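There are 2 protein chains.
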Amino acid sequence: MIETPYLLFLGDAPDQLAAKVAQGIKDWRPENAVGQYRMEGCKADLGLADMDLAEAKAAGAKTLVIGVANRGGLISPAWKKVLVAALEEGFDLASGLHNLLRDEPDLVAVAEATGRSLHDVRVPEVKYPIASGIKRSGKRVLAVGTDCSVGKMYTALALDAALREQGIKSTFRATGQTGILITGAGVPLDAVIADFMAGSIEWLTPDNDDDHWDIIEGQGSLFHVSYSGVTMALIHGGQPDALILCHEPTRTHMRGLPGYTPPTLEALRDIALPLAQVANPACKVVGISVNTQHMSEDEATAYLADLEASMGLPATDPYRFGAAKLAAALAAL
Amino acid sequence: MIETPYLLFLGDAPDQLAAKVAQGIKDWRPENAVGQYRMEGCKADLGLADMDLAEAKAAGAKTLVIGVANRGGLISPAWKKVLVAALEEGFDLASGLHNLLRDEPDLVAVAEATGRSLHDVRVPEVKYPIASGIKRSGKRVLAVGTDCSVGKMYTALALDAALREQGIKSTFRATGQTGILITGAGVPLDAVIADFMAGSIEWLTPDNDDDHWDIIEGQGSLFHVSYSGVTMALIHGGQPDALILCHEPTRTHMRGLPGYTPPTLEALRDIALPLAQVANPACKVVGISVNTQHMSEDEATAYLADLEASMGLPATDPYRFGAAKLAAALAAL
Numbered sequence: 001m002i003e004t005p006y007l008l009f010l011g012d013a014p015d016q017l018a019a020k021v022a023q024g025i026k027d028w029r030p031e032n033a034v035g036q037y038r039m040e041g042c043k044a045d046l047g048l049a050d051m052d053l054a055e056a057k058a059a060g061a062k063t064l065v066i067g068v069a070n071r072g073g074l075i076s077p078a079w080k081k082v083l084v085a086a087l088e089e090g091f092d093l094a095s096g097l098h099n100l101l102r103d104e105p106d107l108v109a110v111a112e113a114t115g116r117s118l119h120d121v122r123v124p125e126v127k128y129p130i131a132s133g134i135k136r137s138g139k140r141v142l143a144v145g146t147d148c149s150v151g152k153m154y155t156a157l158a159l160d161a162a163l164r165e166q167g168i169k170s171t172f173r174a175t176g177q178t179g180i181l182i183t184g185a186g187v188p189l190d191a192v193i194a195d196f197m198a199g200s201i202e203w204l205t206p207d208n209d210d211d212h213w214d215i216i217e218g219q220g221s222l223f224h225v226s227y228s229g230v231t232m233a234l235i236h237g238g239q240p241d242a243l244i245l246c247h248e249p250t251r252t253h254m255r256g257l258p259g260y261t262p263p264t265l266e267a268l269r270d271i272a273l274p275l276a277q278v279a280n281p282a283c284k285v286v287g288i289s290v291n292t293q294h295m296s297e298d299e300a301t302a303y304l305a306d307l308e309a310s311m312g313l314p315a316t317d318p319y320r321f322g323a324a325k326l327a328a329a330l331a332a333l
Numbered sequence: 334m335i336e337t338p339y340l341l342f343l344g345d346a347p348d349q350l351a352a353k354v355a356q357g358i359k360d361w362r363p364e365n366a367v368g369q370y371r372m373e374g375c376k377a378d379l380g381l382a383d384m385d386l387a388e389a390k391a392a393g394a395k396t397l398v399i400g401v402a403n404r405g406g407l408i409s410p411a412w413k414k415v416l417v418a419a420l421e422e423g424f425d426l427a428s429g430l431h432n433l434l435r436d437e438p439d440l441v442a443v444a445e446a447t448g449r450s451l452h453d454v455r456v457p458e459v460k461y462p463i464a465s466g467i468k469r470s471g472k473r474v475l476a477v478g479t480d481c482s483v484g485k486m487y488t489a490l491a492l493d494a495a496l497r498e499q500g501i502k503s504t505f506r507a508t509g510q511t512g513i514l515i516t517g518a519g520v521p522l523d524a525v526i527a528d529f530m531a532g533s534i535e536w537l538t539p540d541n542d543d544d545h546w547d548i549i550e551g552q553g554s555l556f557h558v559s560y561s562g563v564t565m566a567l568i569h570g571g572q573p574d575a576l577i578l579c580h581e582p583t584r585t586h587m588r589g590l591p592g593y594t595p596p597t598l599e600a601l602r603d604i605a606l607p608l609a610q611v612a613n614p615a616c617k618v619v620g621i622s623v624n625t626q627h628m629s630e631d632e633a634t635a636y637l638a639d640l641e642a643s644m645g646l647p648a649t650d651p652y653r654f655g656a657a658k659l660a661a662a663l664a665a666l
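Keeping their order, the protein sequence lines are chains L and H.
So the first sequence is residues 1 to 333, counted in this note's numbering.
So the second sequence is residues 334 to 666, counted in this note's numbering.
As structure tokens, this is what we get:
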């Protein structure tokens with residue numbers, strides 16, 4: 001668990017996109033985002049108050065989160081001075097970068113001397129069990145995609161927000177580094193040892209109130225040959241009561257796999273549902289989330305209407321049109 | 334790679350079953366088994382020449398393989414004297430035990446002093462790539478099961494032997510510790526980090542001659558919620574041209590999962606084949622391997638005949654009736 005709230009470190013981000021992680025935190029957990037820390041030359045701006053370390057400390061921030069990615073996932077020397085000062089000032093540090101905070105001897109030394117924590121959210125910090133398959137109380141929904149990076153995290157976060165708006169108990173369960181930084185907890189599934197993948201998801205989504213929904217962040221795709229094993233573990237460890245199918249209709253090949261054609265939503269449904277029913281025979285496909293960013297609004301509207309007619313399921317782009325339809329489908333289960 | 338041939342260490346095995354790993358090596362790679370080393374009270378006997386370290390050395394053995402499991406997977410203090418002496422005598426050590434050779438400071442010290450290697454086959458020693466999905470030359474067959482521990486390794490080893498008997502080029506590709514000890518190489522898939530599972534299988538089964546078969550050892554089951562992610566990675570990383578369905582018909586629930594009913598062979602076929610065709614559209618189910626150990630010979634014969642009629646596929650118990658049928662089905666592809 002990462003202590004909240006955060007000061008969001010944008011460093012010397014070359015553009016707004018480089019601060020995607022910080023943007024996600026600000027969009028989805030604004031209560032976690034006390035302010036932003038920008039260095040000279042920073043081209044990103046979240047519209048939060050600019051704060052130095054002392055100001056952020058006074059405003060209650062507990063952790064400095066590296067909310068920016070730079071080339072190669074490195075911890076830049078230019079950042080080091082700020083990171084060391086933050087530890088000295090009493091902040092924990094959290095990072096999802098490929099290069100780890102714990103591999104930087106100076107940060108480790110200062111963290112030890114000051115009694116602060118270094119959170120590398122790419123690295124599991126829990127000894128997960130092997131999955132037992134035992135039925136858990138409470139309800140769970142999982143986003144599964146025709147491909148990687150089609151909007152599964154966004155869909156899950158939007159669904160979580162929509163359920164809470166309707167007064168329904170809901171928890172977003174992060175399974176990737178951005179999701180973990182947004183909520184302060186989760187399982188970095190792609191870094192878990194094979195035998196414990198499904199068990200880590202059981203651990204992440206334990207028994208809960210009968211009317212509580214765990215919204216499980218999806219990873220990979222059953223149709224993506226590099227990462228399908230991770231998706232499979234989510235389907236069986238998550239024991240979902242409901243699946244949301246996620247899709248990006250303009251993609252011509254699977255992400256990173258030229259020569260692999262993305263499947264249809266029907267093909268995804270026909271493979272994912274029987275597999276999910278192994279762990280939860282009552283599981284149903286309840287809706288479709290489409291990433292329509294490369295379509296005009298008219299095209300998107302027509303495409304979604306066609307899908308609803310052909311597949312008999314509510315379909316929306318949660319970014320463009322909201323997730324209320326999907327939340328209603330869950331509430332009706 | 335573990336250096337062969339081996340001296341098989343049976344220690345103080347309480348019964349024959351405890352020496353299962355050594356038995357597997359002797360059965361499947363007799364040319365790797367120079368002799369057996371038994372301590373006082375050993376109740377297992379492979380029918381190999383009993384040798385002390387000097388005799389085994391003189392006979393050409395390069396590695397002492399711990400071919401016995403004891404309670405808790407421990408490296409017993411009673412064994413230590415022999416293991417240390419073996420290192421001093423110039424043997425490498427290899428083990429598939431849960432507790433690692435490399436975690437025993439005395440063994441590490443002696444191995445370093447003598448320049449010998451400690452092989453813990455449960456632990457990956459390679460930095461595997463992320464799977465690329467690029468089509469490889471050569472042919473591959475994968476055994477998939479309705480459950481764990483239904484005879485997938487035995488099926489693969491028997492198939493490998495049957496193909497070679499027919500003069501067909503074939504390599505057994507181990508994915509678990511027993512298989513790795515038998516052949517001296519492989520991927521301990523259940524210990525690989527999630528993101529690299531499929532890539533490790535691509536690494537294990539690289540480009541090969543067009544008329545060469547890789548016989549890939551299966552793991553887990555798509556229907557076993559604890560380990561299905563591992564199976565999925567084998568299906569996509571292995572890019573199989575052919576699947577063999579493996580089954581144990583008398584099992585009343587999935588191994589370790591009371592409350593989970595094993596699927597039918599038809600259900601396994603209907604899930605596994607479309608998933609395999611994502612990575613290799615030409616993939617076919619070519620045969621069925623049944624573990625009939627809990628059936629009489631008449632029952633087994635009748636069951637296999639029924640299966641052949643109902644599923645239209647060759648069906649055999651390779652232990653009882655040989656694997657020639659399966660090898661013929663592959664050769665006919």
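Ideal Cβ positions, reconstructed from N, Cα and C, are used throughout, including at glycine.
Every value quoted in this text rests on a predicted model; they were computed, and no experiment measured them.
Check: Between L:Leu100 and the rest of its own chain, which residues show a CB-CB distance below 6 angstroms, the 5 nearest in sequence each way excluded?
Finding: By 1-based counting over the first sequence, the position of residue 100 of chain L is 100. Only Asp120 meet the Cβ criterion.
Next item on the list: Report yes or no: is there a C-beta of chain H within less than 8 angstroms of the C-beta of L:Phe172?
Entry: Along the first sequence, read from residue 1 onward, the residue named residue 172 of chain L stands at position 172. Using beta-carbon distances, L:Phe172 does not count as an interface residue toward chain H, since no partner is under 8 angstroms.
Note to self: Is there a Cβ of chain L sitting closer than 8 angstroms to that of H:Ser470, yes or no?
What the structure shows: Position 137 of the second sequence, counting from 1, holds the residue named residue 470 of chain H. Among the CB atoms of chain L, none fall inside 8 angstroms of the CB of H:Ser470.
Checklist line | C-beta neighbour in chain L for H:Met530, strict 8 angstroms | finding: Position 197 of the second sequence, counted from the first residue, corresponds to residue 530 of chain H. At a cut-off of 8 angstroms between beta carbons, H:Met530 contacts chain L.
Next item on the list: Determine, using beta-carbon pairs with one atom in the segment 199 to 214 of chain L and one in the segment 168 to 183 of chain L, whether at least three such pairs fall under 8 angstroms.
Entry: Counting Cβ pairs under 8 angstroms, three or more are found: they touch.
Checklist line | When H:Ala491, H:Thr479, H:Val459 are compared against H:Gly519, the one with the closest alpha-carbon | finding: Within the second sequence, the letter at position 186 stands for residue 519 of chain H. The candidate whose alpha carbon is nearest that of H:Gly519 is H:Val459.
Note to self: Since L:Lys256 and L:Lys152 should fall inside the 8 angstroms C-beta cutoff, what is the C-beta to C-beta distance between them, to a whole number of angstroms?
What the structure shows: Numbered from 1 along the first sequence, position 256 holds the residue referred to as residue 256 of chain L. Numbered from 1 along the first sequence, position 152 holds the residue referred to as residue 152 of chain L. According to the sequence shown, residue 256 of chain L is Gly rather than Lys. With 8 angstroms as the limit, L:Gly256 and L:Lys152 do not qualify as a contact, their Cβ atoms being about 16 angstroms apart.
Check: Name the DSSP beta bridge partners of H:Trp361, please?
Finding: The count along the second sequence starts at 1 and reaches residue 361 of chain H at position 28. DSSP, once it has assigned bridges, lists no residue as partnering H:Trp361.
Next item on the list: Locate the beta strand (DSSP E) running through L:Gly11, then write down its first and last residues.
Entry: Stepping through the first sequence from its first residue, residue 11 of chain L is reached at position 11. Here the beta strand (DSSP E) through L:Gly11 covers 6 to 11.
Notebook entry, point to check: What residues match up with H:Cys579 in a beta bridge as DSSP calls it?
Noted result: Locating residue 579 of chain H in the second sequence gives position 246, counting from the first residue. BP columns for H:Cys579 point to H:Gly478, H:Ser622.
Margin query: Counting beta carbon pairs with one atom in the segment 295 to 311 of chain L and one in the segment 347 to 357 of chain H, are three or more of them shorter than 8 angstroms?
Written below: Not touching, per the Cβ criterion.
Next item on the list: Could you tell me whether the Cβ atoms of L:Thr316 and L:Ser296 are closer together than 8 angstroms?
Entry: Position 316 of the first sequence, counted from the start, is the residue given in the question as residue 316 of chain L. Position 296 of the first sequence, counted from the start, is the residue given in the question as residue 296 of chain L. Not a contact, by the Cβ cut-off of 8 angstroms.
Note to self: Taking a contact to mean a Cβ-Cβ separation below 8 angstroms, would you say L:Gly60 touches L:Phe9 in this structure?
What the structure shows: Within the first sequence, numbered from 1, the residue matching residue 60 of chain L stands at position 60. Within the first sequence, numbered from 1, the residue matching residue 9 of chain L stands at position 9. Cβ atoms of L:Gly60 and L:Phe9: not closer than 8 angstroms.
Item checked: Chain-order list of residues whose beta-carbon lies under 6 angstroms from that of H:Ala566 (same chain, five-residue window excluded) -> Along the second sequence, one-based indexing puts residue 566 of chain H at 233. The answer, listed in chain order, is Met530, Ala531.
Notebook entry, point to check: Relative to the C-alpha of L:Asp12, which residue among L:Ala58, L:Lys81, L:Ala56 is closest?
Noted result: As a first step, residue 12 of chain L is located in the first sequence; it is residue number 12 there, counting from the start. If we check each option's Cα against that of L:Asp12, L:Lys81 comes out closest.
Checklist line | Under the three-state DSSP convention, the category H:Ile408 falls into | finding: Against the second sequence, residue 408 of chain H aligns to sequence position 75. H:Ile408 falls in the coil class under three-state DSSP.
Note to self: Output needed for H:Val525: all residues of its chain with C-beta closer than 6 angstroms, excluding positions within five of it in sequence on either side, in chain order.
What the structure shows: By one-based count along the second sequence, residue 525 of chain H stands at place 192. If we look at H:Val525 and ignore the five residues flanking it on each side, its Cβ neighbours are Pro457, Ser533.
Item checked: Cβ neighbour criterion (16 or more within 10 Å) applied to H:Val558 -> As a first step, residue 558 of chain H must be located in the second sequence, where it is residue number 225. H:Val558 is buried by the Cβ-count criterion.
Margin query: Between L:Ser226 and chain H, is any beta-carbon pair separated by less than 8 angstroms?
Written below: Against the first sequence, residue 226 of chain L aligns to sequence position 226. With 8 angstroms as the cut-off, L:Ser226 counts as an interface residue toward chain H.
Checklist line | Contact set between the segment 265 to 283 of chain L and chain H, restricted to residues whose Cβ is under 9 angstroms from the partner | finding: The residues in question are Ala267, Asp270, Ile271, Pro274, Leu275, Val278, Ala279.
Notebook entry, point to check: Hey, would you say H:Val367 sits closer than 8 angstroms to H:Ala389, going by beta carbons?
Noted result: Within the second sequence, the letter at position 34 stands for residue 367 of chain H. Within the second sequence, the letter at position 56 stands for residue 389 of chain H. Annotated as proximal: H:Val367 and H:Ala389, with beta-carbon spacing under 8 angstroms.
Notebook entry, point to check: For L:Pro340, does the count of other Cβ atoms within 10 angstroms reach 16, so buried, or fall short, so exposed?
Noted result: There is no way to answer for residue 340 of chain L, as the model of chain L reaches only from 1 to 333.
Next item on the list: Let me know if H:Gly406 comes out buried or exposed under the rule of 16 or more other beta-carbons within 10 Å of its beta-carbon.
Entry: Residue numbering aside, residue 406 of chain H sits at position 73 when the second sequence is read from its first letter. Classification for H:Gly406: exposed.
Item checked: Same chain only: Cβ atoms within 7 angstroms of L:Asn280, ignoring 5 sequence neighbours per side -> Position 280 of the first sequence holds residue 280 of chain L. Only Gln239, Pro240, Asp241 meet the Cβ criterion.
Checklist line | Any C-beta of chain A under 8 angstroms from that of H:Val563 | finding: Chain labels in this structure do not include chain A; the protein chains are L and H.
Checklist line | Sequence-distant residues of the same chain with beta carbon closer than 6 angstroms to H:Glu535, five excluded per side | finding: Locating residue 535 of chain H in the second sequence gives position 202, where the first residue counts as 1. For H:Glu535, where only same-chain residues beyond five positions count, the Cβ hits under 6 angstroms are Ala464, Gly570.
Notebook entry, point to check: Given a limit of 8 angstroms on CB to CB distance, which residues of the segment 526 to 552 of chain H reach chain L?
Noted result: For the segment 526 to 552 of chain H, the residues whose beta carbon sits under 8 angstroms from a beta carbon of chain L are, in order, Ile526, Ala527, Asp528, Met530, Ala531, Gly532.
Notebook entry, point to check: In angstroms, rounded to a whole number, what distance separates the CA positions of H:Ala665 and H:Gly471?
Noted result: Working through the second sequence from its first residue, we reach residue 665 of chain H at position 332. Working through the second sequence from its first residue, we reach residue 471 of chain H at position 138. If I take the Cα positions, the gap works out to 15 angstroms.
Notebook entry, point to check: Mind checking if H:His569 is an interface residue toward chain L, Cβ cutoff 8 angstroms exclusive?
Noted result: Indexing the second sequence from 1 puts residue 569 of chain H at position 236. Closer than 8 angstroms: yes.
Next item on the list: Determine the closest residue to H:Phe654 out of H:Leu430, H:Leu663, H:Asp631, with distance taken between C-alpha atoms.
Entry: Locating residue 654 of chain H in the second sequence gives position 321, where the first residue counts as 1. Minimum Cα distance to H:Phe654 is reached at H:Asp631.
Notebook entry, point to check: What separation, rounded to the nearest whole angstrom, lies between the Cα atoms of L:Tyr6 and L:Leu64?
Noted result: Numbered from 1 along the first sequence, position 6 holds the residue referred to as residue 6 of chain L. Numbered from 1 along the first sequence, position 64 holds the residue referred to as residue 64 of chain L. For the pair L:Tyr6 and L:Leu64, the Cα-to-Cα distance works out to about 6 angstroms.
Notebook entry, point to check: For the segment 525 to 568 of chain H, which segments carrying the alpha helix (DSSP H) assignment without a break, of at least 4 residues, lie completely within its bounds, in sequence order?
Noted result: Listed in chain order, they are 530 to 537.
Item checked: Straight-line Cα distance separating H:Pro595 from H:Pro410 -> Along the second sequence, one-based indexing puts residue 410 of chain H at 77. Along the second sequence, one-based indexing puts residue 595 of chain H at 262. Cα to Cα, the separation comes out at about 41 angstroms.
Margin query: Could you check whether L:Leu107 and L:Leu118 sit closer than 8 angstroms to each other, using their CB atoms as the reference points?
Written below: Residue numbering aside, residue 118 of chain L sits at position 118 when the first sequence is read from its first letter. Residue numbering aside, residue 107 of chain L sits at position 107 when the first sequence is read from its first letter. Yes, these two residues count as a Cβ contact at 8 angstroms.
Next item on the list: Can you grab the Cα-Cα spacing for the pair H:Leu386 / H:Leu416, in whole Å?
Entry: Within the second sequence, the letter at position 53 stands for residue 386 of chain H. Within the second sequence, the letter at position 83 stands for residue 416 of chain H. Rounded to the nearest angstrom, the two C-alpha atoms are 10 angstroms apart.
Check: Which residues bound the beta strand (DSSP E) around H:Tyr370?
Finding: To locate residue 370 of chain H, count along the second sequence from 1; it is residue 37. First-last of the beta strand (DSSP E) with H:Tyr370: 366 to 371.
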